[in-house]
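Below: one structure, written as structure tokens.
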Amino acid sequence: MLTRQGARRLIQTEFHRLANIDINFPDHTPINPIVSNPTTLIMAEKTVATLLSKALEQTPKFSGKPDQDADEWMKNLTDTFRMADMTEAQGLKIISTFLEGHPKQWFTDNSAIFESWSVFKAQFIHTYSSTSSKQLASNRLRTRQQRHDEAVIEYYTDVMKLCKLVDPTMTDASKIDHL
């Protein structure tokens, strides 16, 4: 009877036998081996998995404190979920691990109404997005000027970020007015 370990040894032996076949053509045509070592692919997958795991671990929990921007936090979390190739259903299942304190209790109390990620996201932003942060962003946007030591792209990126905070549906013409 062939065991799993025995089968693994047979496959490895056959792999090495096929990988070591040396074919010489009379016209010295260079050839690449047909059998490739999957170790590189496995290592790459493990590296990506490790990076994604670290990104998820390093995502700060949302506690609803005044210094946390709910919109920015949600954007960063959504980007991390997208990078991890997570579905919206998976994100909804694990979102409570990224919440603490009052927001976690709020999620638990209202979990029945969160039929989808988009419903949760809309309710979260409605509940935790601060009008004072929008007012602060609006004030910064009105007074924002490029510093002498600031790169154009840095200035542009900051102004676009402020525009999005102030009004996510702001027209391009209005954005240009702020530049």
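According to our numbering, the sequence shown is numbered sequentially starting from 458. Glycine is no exception: its CB is placed at the ideal position from the N, C-alpha and C atoms. For clarity, every value in this text was computed on a predicted model and none was experimentally measured.
Taking residue 541 as the centre and dropping the five residues before and after it, the same chain places the C-beta of 509, 512, 513 closer than 8 Å to its C-beta, in chain order. Residue 556 has 519 as its beta-bridge partners, per DSSP. Sequence-distant Cβ neighbours of residue 531 in its own chain, meaning closer than 7 Å and more than five residues away, are 578, 581, 582. Look at residue 506 here: in three-state DSSP terms it is helix. CA-to-CA, the gap between residue 565 and residue 556 works out to about 10 Å.
For residue 612 against residue 521, the beta-carbon gap comes to about 31 Å, at or over 8 Å, which does not count as contact.
Shown here, residue 526 sits in coil according to DSSP, grouped into three states, outside any helix or strand.
A residue is called buried when at least 16 other Cβ atoms come within 10 angstroms of its Cβ; residue 594 meets this threshold and is buried.
Following the DSSP letters along the chain, one finds residue 614 inside the alpha helix (DSSP H) bounded by residues 609-623. Per DSSP, the continuous alpha helix (DSSP H) segment holding residue 582 begins and ends at 574-585.
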